[in-house]
Amino acid sequence: MTTVTRLRAPLTDEQILPLKAGDAVLIDGTVFGARDAAHAQLVEALRRGEVLPIELTGQILYYVGPAPARPGHPIGSAGPTTSGRMDRYTPELLAAGLRATIGKGHRGGAVRESIVAHRCLYLAAIGGSGAMLAKRIIGSEVVAYEELGPEAIYRFEVRDFPAVVVNDAHGLDLYEMSREEYCERA
Amino acid sequence: MIREVDVSLITETVERLCLDANYALPDDVVDALEAARIREVSPLGKQTISLILENVSVAAEERVPMCQDTGTVVVFADVGQDVHFNGGSFRDAIDEGVRRAYTRGYLRSSIVGRPVGRRTNTGDNTPAVLHLHLVPGGNVSLTLLAKGGGAENMSRMSMLTPSDGLQGVIDFVVETVEIAGPNACPPVIVGVGIGGTFDSVGALAKHAIARPIGTTTEDDETRQIEVDILRRINALGIGPHGFGGRVTALAVHVEMAPTHIASLPVAVNLQCGPAARSHRAVI
C-alpha cells in the first residue's frame, strides 16, 4: 500500500488523473448504487433521449444489490457484485458523464477503452465484505426504479468507504500488473 | 425399527442453518484465512485478507450477512432409510425453513422463478436445490450451503476424454481458476468432481466445497491431486481479490466417482473464501 487518497463526488480531473492502478482510496459523500436491471433501464432511457432519474455528471456508481436493513440500520449487507455483467452498458454511461464505477472483477476491452477516453476510474471494493462495507454507508435511499427491489437505484451517503483503483485513466490495469508481479513460472 | 420424525424439525433446522451460514464463517475457513494472512506476501493481498476477517467479526456481532449475496440454498440431505416423516412434505419443510430464514433474518431474496423471460423474484429465496440421498440408519444429516452467484458463475464443467488423463483434469481446473480471476472473490475454495456422468459430476464438485478445510480424503492418490492442484493455483499470482499474491485458493477438494470407459467428466465449482458458508446438522 502506498498512499491513501480521499475521493468525493463530483469527481474532477484533478482528483482522477493523479491516481494509478493499485492505489487505495477512501470515498466520502455521495455514491449511487445500481446493478443489472437498473442498468438496462438507464441505458434504454439514455437511448430514447430521456432525462435520466439521476444526474450522472462526475458521479460514482457502485454495483450493489443490498440485503434488507435491520431496524435502526441504514442498509443491510452491501458488498460489490461482479462488474463484468454491467460491461455492455458502461461505455454509454461514462460517455454521459459518469466518472467512476465500483465493483469487483475484470472489465472488458470496450469498458477499459472508454475509461481512458473519458478519463474515468474503475475501482474494486472487497467482495464478500458486505457487513463491513455496510458500516461505511451512513445513509441510503431509493431514488429510482423502486419496483426492482434490491436492483433499484440507491443514493448512498458513505464515509471512509475503502476501494482500490483497478483501471486508471491512463490505461493501467491492476489485475494484469499484479499477476505479472506475483506469478511463479514453472 | 422405524424412527418417526416430524417435518417441523426439518424446517427449524434448515432455518437455523440458513442463518448460521450467512452470519458466521465456519471455524475451518476462519483458520485458513488467518493462516493465509500470515503466508501472503503481497501487501495489498495481506490488507485485503485483514478486511475480510474484519467483515467476519462485524457480521457475527451485528447478525448481518457477511455478503449481500445470501445465495442459493443448496441442501445435501442424507436420510436414513429407517426414518418416517410425519406432518407434511419433506420437500415443503425444507423450503419453509428457507422462507422463514430469508424473510425474517434480513437476508436477500436472490432467486427468480424462471431463468429467462420475466425473471420474477420469488420473494423468499425459495426453492432450495435439494440433493437427497437414502442411507442406512435412522438419522437425517443436512449439509446446507448458501451459495453465492458470483463464484458459481465462474464454475465450469467439461467432458474430457480418457486420453486427456490426470494432466488434462489438472489443467482444466487451473484454467478455470485463472479465467475466474478476481470475479470469484479469491481466495477461493475449489471443489472438483471427477468421473460419474454429465449430471452427477457437478453435484460431486458441489459436495466437495462443503467439506471442511483440513479434512483429508481417505485415498492417497486423491490427496496428492489436491496438493498438486493447489500448488499450481497458488503460483498463478492472482492473489486475494485479484490484487496479486500467493494465496489464490485456500483449499482444493476433489471427489471422484466411477465413470464410463469412454468418459472423463470433470466439474469445477468455485466457492468464494470470504463468505464460504456451509453448515451441517444431524437430526
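Sequence lines, in order, name chains A and B.
162 is the number that the working numbering gives to position 162 of the first sequence; each next residue is one higher, with no gaps.
Here the working numbering = 1-based position in the second sequence + 1000.
All C-beta atoms, glycine included, are put in the ideal place defined by N, C-alpha and C.
Note that the coordinates shown come from a computational prediction; the quantities given were computed from them, not determined experimentally.
- Chain-order list of chain A residues neighbouring L1236/B: R179, Y182, C183 and E184, by C-beta distance under 9 angstroms.
- DSSP links M1256/B through a beta bridge to I1194/B.
- Of all residues in the region 45-69 of chain A, only V64, G65, P66, A67, P68 and A69 place a beta-carbon less than 9 angstroms from a beta-carbon of chain B.
- Collapsing the DSSP output to three states places Y145/A in coil.
- Q1271/B carries a strand assignment under DSSP once its states are collapsed to helix, strand and coil.
- Straight-line spacing of the CA atoms in D1082/B and G1138/B works out to 5 angstroms.
- Residues of chain B whose Cβ lies closer than 7 angstroms to the Cβ of M132/A are, in chain order, L1051, E1054, N1055 and V1058.
- Taking CB atoms only, F1243/B has a neighbour in chain A less than 8 angstroms away.
- Considering only V1058/B, R1016/B and G1071/B, the residue with the shortest C-alpha distance to N1153/B is G1071/B.
- By the Cβ-count criterion, T1011/B is buried, with 16 or more other Cβ atoms from all chains shown falling within 10 Å of its own Cβ.
- C-alpha of G127/A to C-alpha of V1173/B: approximately 22 angstroms in a straight line.
- Beta-bridge pairing by DSSP links A1235/B to no other residue.
- The Cβ atoms of R1223/B and P150/A do not sit closer than 8 angstroms to each other.
- Taking C-beta atoms as the reference points, F161/A and S140/A fail to come closer than 8 angstroms.
- Spanning the alpha carbons of G76/A and M1066/B requires a straight line of approximately 10 angstroms.
- If you ignore the 5 residues before and after R1100/B, its C-beta comes within less than 6 angstroms of the C-beta of E1015, all in its own chain and listed in chain order.
- Taking every protein chain shown into account, the CB of N1086/B has fewer than 16 other CB atoms within 10 angstroms, so this residue is exposed.
- DSSP places G97/A in the coil class of the three-state scheme, outside both helix and strand.
- With contacts defined by Cβ atoms closer than 8 angstroms, V64/A and Q1068/B form a contacting pair.
- The beta-carbon separation of L1017/B and L1132/B, rounded to 16 angstroms, does not stay under the 8 angstroms limit for a contact.
- Here DSSP, grouped into helix, strand and coil, assigns A34/A to coil.
- Beta-bridge pairing by DSSP links S1278/B to L1145/B.
- Using a CB distance cut-off of 8 angstroms, T90/A does not count as an interface residue toward chain B.
- Between Q1224/B and chain A, the shortest Cβ-Cβ separation is not below 8 angstroms.
- The beta-carbon distance between P1182/B and Y89/A, rounded to whole angstroms, is 20 angstroms. This is too long to meet the 8 angstroms contact definition.
- Taking the Cα positions, V1188/B is about 37 angstroms away from D1006/B.
- Against chain B, the beta carbon of H106/A has neighbours under 9 angstroms at G1181, P1182, N1183 and G1242, listed in chain order.
- Per the DSSP secondary-structure output, M1157/B pairs in a beta bridge with A1267/B.
- Across the region 161-173 of chain A, CB contacts with chain B closer than 9 angstroms involve P162, V164 and V166, in sequence order along the chain.
- Contact between V1201/B and V1266/B holds: their C-beta atoms lie close to 7 angstroms from each other, under 8 angstroms.
- In the three-state scheme derived from DSSP, where H, G and I count as helix and E and B as strand, F161/A is classed as strand.
- With fewer than 16 other Cβ atoms inside 10 Å of its own Cβ, R48/A counts as exposed.
- Considering only beta carbons, no part of the region 1016-1034 of chain B lies closer than 8 angstroms to chain A.
- Contact between the region 1031-1042 of chain B and the region 1237-1248 of chain B is present, with at least three C-beta pairs closer than 8 angstroms.
- Residue contact check for M1066/B against chain A: a CB pair falls below 8 angstroms.
- Any Cβ of chain B closer than 8 angstroms to the Cβ of Y122/A would place that residue at the interface, and such an atom is absent.
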